[in-house]
Amino acid sequence: MYIYDSVKKTKLLFEPIIPQKASIYVCGPTVYDDAHLGHARSSLSFDLLSRTLKALRYEVTMGKNFTDIDDKIIKKVQETGQSLEEITTHYINRYQEEMRALGVQDADIEPKATESLEAIESMIQGLIDKDIAYVVSSGDVYFDTSKDANYGTISHKVGDDEENQSRVEHNSEKRNPKDFALWKACHGDEDICFETKFSKGRPGWHIECSAMIEKHFTHTHGSDEYSIDIHGGGADLLFPHHENEAAQSRCATGHELAKYWMHNGFVNINGEKMSKSLGNSFFVKDALKVYDGEILRNYLISVHYRNDFNFNEEDLLNSKKRLDKLYRLKKRVTPTKASKPNIAFQKAILEAMSDDLNISVALATIEDMISATNDKLDENPKDKGLKKETLANIELIDKLLGFGGKEPFSYFQIGIDDDTKEKIETLIEARNQAKIEKNYEQSDAIRDELSAMGIAIMDTANGTVWEKL
RNA sequence: GGAGCCAUCGCCAAGUUGGUAAGGCCGUAGAUUGCAAAUCUGCUAUUCACCAGUUCGAGUCUGGUUGGCUCCUCCA
Numbered sequence: 015m016y017i018y019d020s021v022k023k024t025k026l027l028f029e030p031i032i033p034q035k036a037s038i039y040v041c042g043p044t045v046y047d048d049a050h051l052g053h054a055r056s057s058l059s060f061d062l063l064s065r066t067l068k069a070l071r072y073e074v075t076m077g078k079n080f081t082d083i084d085d086k087i088i089k090k091v092q093e094t095g096q097s098l099e100e101i102t103t104h105y106i107n108r109y110q111e112e113m114r115a116l117g118v119q120d121a122d123i124e125p126k127a128t129e130s131l132e133a134i135e136s137m138i139q140g141l142i143d144k145d146i147a148y149v150v151s152s153g154d155v156y157f158d159t160s161k162d163a164n165y166g167t168i169s170h171k172v173g174d175d176e177e178n179q180s181r182v183e184h185n186s187e188k189r190n191p192k193d194f195a196l197w198k199a200c201h202g203d204e205d206i207c208f209e210t211k212f213s214k215g216r217p218g219w220h221i222e223c224s225a226m227i228e229k230h231f232t233h234t235h236g237s238d239e240y241s242i243d244i245h246g247g248g249a250d251l252l253f254p255h256h257e258n259e260a261a262q263s264r265c266a267t268g269h270e271l272a273k274y275w276m277h278n279g280f281v282n283i284n285g286e287k288m289s290k291s292l293g294n295s296f297f298v299k300d301a302l303k304v305y306d307g308e309i310l311r312n313y314l315i316s317v318h319y320r321n322d323f324n325f326n327e328e329d330l331l332n333s334k335k336r337l338d339k340l341y342r343l344k345k346r347v348t349p350t351k352a353s354k355p356n357i358a359f360q361k362a363i364l365e366a367m368s369d370d371l372n373i374s375v376a377l378a379t380i381e382d383m384i385s386a387t388n389d390k391l392d393e394n395p396k397d398k399g400l401k402k403e404t405l406a407n408i409e410l411i412d413k414l415l416g417f418g419g420k421e422p423f424s425y426f427q428i429g430i431d432d433d434t435k436e437k438i439e440t441l442i443e444a445r446n447q448a449k450i451e452k453n454y455e456q457s458d459a460i461r462d463e464l465s466a467m468g469i470a471i472m473d474t475a476n477g478t479v480w481e482k483l
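Now the structure itself:
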C-alpha cells in the first residue's frame, strides 16, 4: 500500500507501527449543523482507505471524533433554548444516519470531546507543568509555540516575522502571536463550562483530538515514535488544526502524533469552495432526498480524494450511468451463487486502490470486467461458472468500494411504488401480446406510454425487463 | 503581503521513478432488434494552458508567462 503523505508531500510505502495493524484517526465534524457534501467526501475518502487496508488484510482501527463543545454549538444553545446535549445528540444521529446512507462504515471509536474532558485536562495540566502551556489572567490557557522546536513542520509555515498579514488574533497576554488556546475560560452565566484545576472553562478546538488519540490509541497502536499510523482530515485542517495538534502531542507525550498524514480535497460548487461563510453549502440530507445514497456515494468517490471535487448534476448523472451498467450485468448473472472472484480482476482492482486509492484506475478495471463479461455472456448466456465468478466480482466491488450490493432488479426500481409496478407489468404484458399478434403500432404505443412514465423497457432473452430512467 | 496547489479530447478523468497519452459520458459507423432499448465491435487528443531550457527522448524535470483555486480566521 502506498499513500501520499501530505506533510512529506510525497507518496510513501505504508509501513504501520505494528505489522498488519493500521490505526487511523480522522477529524470528524463539529456538530452544530447538518452535514454537507464536504463532510461526506472526507468521510468517504477515509472509508475507502479503511476498506482498502482491510482488503489488504490489515486489522484496521478507525477513530473519528465529534466536536460537541464549541462556540458555535453554544451559540445554538443560546438561540434555540435547547440543551447542549439535545443539539449535539441530534446532529450526531443525523450525521451517522446520513453517512450510513452513503455506505460509510461506522468508525470503531467515536469519541466526543465532552466525554474526554479528563484526558484533555490532564494533557493540558501536563503542558502547564512543563511550562509549555501558560494560564493568562482571564483563565485562558495558551500553548507556547516557541517551546516547540518543531512547530511548523506539519504545515511548513515557517518564519513568521509578524510582518505578514496573518489574521491571528492579537492578545497582549500571549507570549507569541502564534500561541493558541488550549482552554478557554468561562464567559459568564450563559456559557457552558467545566471545572478544572487551572480554570473553569472549556477545551479549545485542537486539544481534544490530541487527548482523544492519546486516550484511545497510544496503548494499543502507538510506539515510542508515533501515537498512530495515519491521521486524516480535510485539506483545510492542515493549518492550524493539525499543526497545533501535532505540537501539543509532541510536547505532551514526547513522540510524534502520526506517522502519516492524509488530507482530502474540497467539494466545490461552481468552482468555489463550499462553505458556510460563502452560503453555498449543499447538505447531504438534501442530496439524499433527490438521489439514492449509493448513487451519491458512487459519484462522490469517483474523483481521487486529493483533488478538489466540483459537484454538479450532469457529472452525477454520468457516474450513475456507470453504476447502471454494473447493475445491468448483475441482472444478467442473477440469480446465482457467488463463487470466487476472478484472480486477475481482484489483483488489478486491489493494485489500483493500493496506489494511494487510485479510484479512477479501479473504476476502469471494473469497466473492463463488465465489458468482457457481457461479451462472453453474449456468446454463452448460460455460462454458470462465469455467472458465479461475476457475482463474486461484484461482491468484491461492494466490499472494497461500497457499491453494487443491492438486489439488481430493485436497484432499477428505486422510488416506484407497488401500484405503479403493477401497472407497468400490465402494460408490458399487453405489449408482449401485441407483439405476438405483430400489432407493432399497438406495441410501440404502449412503449411510448411507459416511456412517458419514465420507464425504459428492454427485450432480453429472458423476457422483457424494465428500468426507471 | 506570505505559503501552497492546479491547468490532459466537447464534458468528467487516470497517467510512482522521463520512453512515446487509461477509462467513462457524448458523438459516430456497424452487429443484434419488427423498430427500439440493452449488449458487443470499430472510429473519435501526433497531443497534454503558453514560452524557453535540460535530454537520444518530457504531459512527466528546470526557469518564466498566463489563467484558476486554497491556506495564513471557524471550516471536511
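Plus 14 on top of the position in the first sequence (first one is 1) and you've got the numbering used here. Beta carbons are placed, not taken as given, at the ideal position from N, Cα and C, and that holds for glycine.
Residue closest to residue i, alpha-carbon to alpha-carbon, out of the options
i, options, result
"Asn476", "Phe417, Asp392, Glu463", "Asp392"
"Gly410", "Asn294, Ala448, Ile357, Phe426", "Here residue 410 turns out to be Leu, not Gly, going by the sequence shown. Residue Ile357 is the option with its Cα nearest to Leu410."
"Val479", "Lys435, Leu314, Asn282", "Lys435"
"Phe280", "Asp48, Lys35, Ser59", "Ser59"
"Leu331", "Gln110, Asp370, Arg71, Ser316", "Ser316"
"Asp370", "Leu196, Gln110, Val118, His318", "His318"
"Asn79", "Ala459, Glu455, Lys229", "Lys229"
"Ala49", "Ser152, Leu302, Gln96", "Leu302"
"Phe212", "Thr167, Val150, Ile471", "Val150"
"Thr6", "Ala459, Gln456, Gly419, Met367", "Any answer about residue 6 is impossible in this case: the structure gives the chain only from 15 up to 483."
"His255", "Asn321, Glu308, Ile168, Phe297", "Ile168"
"Lys334", "Arg311, Ser353, Pro349", "Arg311"
"Ser424", "Asp382, Lys345, Ile450, Asp397", "Lys345"
"Ala249", "Gly52, Ser465, Glu451", "Gly52"
"Ile206", "Ile309, Lys144, Val91", "Val91"
"Thr350", "Lys398, Lys198, Glu204, Gly429", "Lys398"
Residue i burial status per 10 Å Cβ neighbour count (16 or more: buried)
i, result
"Glu257", "buried"
"Asn326", "exposed"
"Arg55", "buried"
"Ala406", "buried"
"Met113", "buried"
"Ser180", "Note that Ser180 scores 48 on pLDDT, short of 50, meaning its location in the model is unreliable; the coordinates nonetheless yield the value given after this. So Ser180 counts as exposed."
"Tyr18", "buried"
"Asn107", "exposed"
"Ser130", "buried"
"Gly95", "exposed"
"Met472", "exposed"
"Glu177", "Summary for Glu177: the model assigns pLDDT 42, below 50, so the residue's position carries little reliability; its value from the coordinates is reported in the next sentence. Exposed, by the Cβ-count rule."
"Ser57", "buried"
"Val155", "buried"
"Thr81", "buried"
Own chain, CB closer than 6 Å to residue i, minus 5 neighbours either side, in chain order
i, result
"Ile363", "Ala376, Thr379"
"Thr404", "Val347, Thr387"
"Asn294", "Ile283, Met288"
"Ser237", "Ile31"
"Glu29", "none"
"Leu251", "Cys41"
"Ile309", "Lys334"
C-beta contact flag for residue i and residue j at 8 Å
i, j, result
"Lys25", "Tyr16", "yes"
"Glu135", "Thr210", "yes"
"Leu337", "Phe417", "yes"
"Phe157", "Phe208", "no"
"Met76", "Ile38", "yes"
"His269", "Glu222", "no"
"His277", "Ser20", "yes"
"Leu196", "Leu141", "yes"
"Leu441", "Glu455", "no"
"Tyr274", "Ile244", "yes"
"Arg445", "Ile430", "no"
"Asp300", "Ile428", "no"
"Ile101", "Ile123", "no"
Through-space distance from residue j to residue i, alpha-carbon basis
i, j, result
"Asp120", "Lys89", "29 Å"
"Ala36", "Ile242", "8 Å"
"Ala163", "Arg264", "10 Å"
"Thr159", "His170", "14 Å"
"Gly215", "Asp85", "12 Å"
"Gly117", "Gly153", "44 Å"
"Ala127", "Leu415", "31 Å"
"Pro43", "Glu365", "31 Å"
"Glu111", "Val298", "10 Å"
"Phe296", "Leu62", "22 Å"
"Asn321", "Lys68", "24 Å"
"Pro355", "Pro395", "19 Å"
"Tyr109", "Lys361", "34 Å"
"Ile83", "Leu98", "8 Å"
Spatial neighbours of residue i in its chain, beta-carbon cut-off 7 Å, leaving aside the 5 residues before and after
i, result
"Gly468", "Lys482, Leu483"
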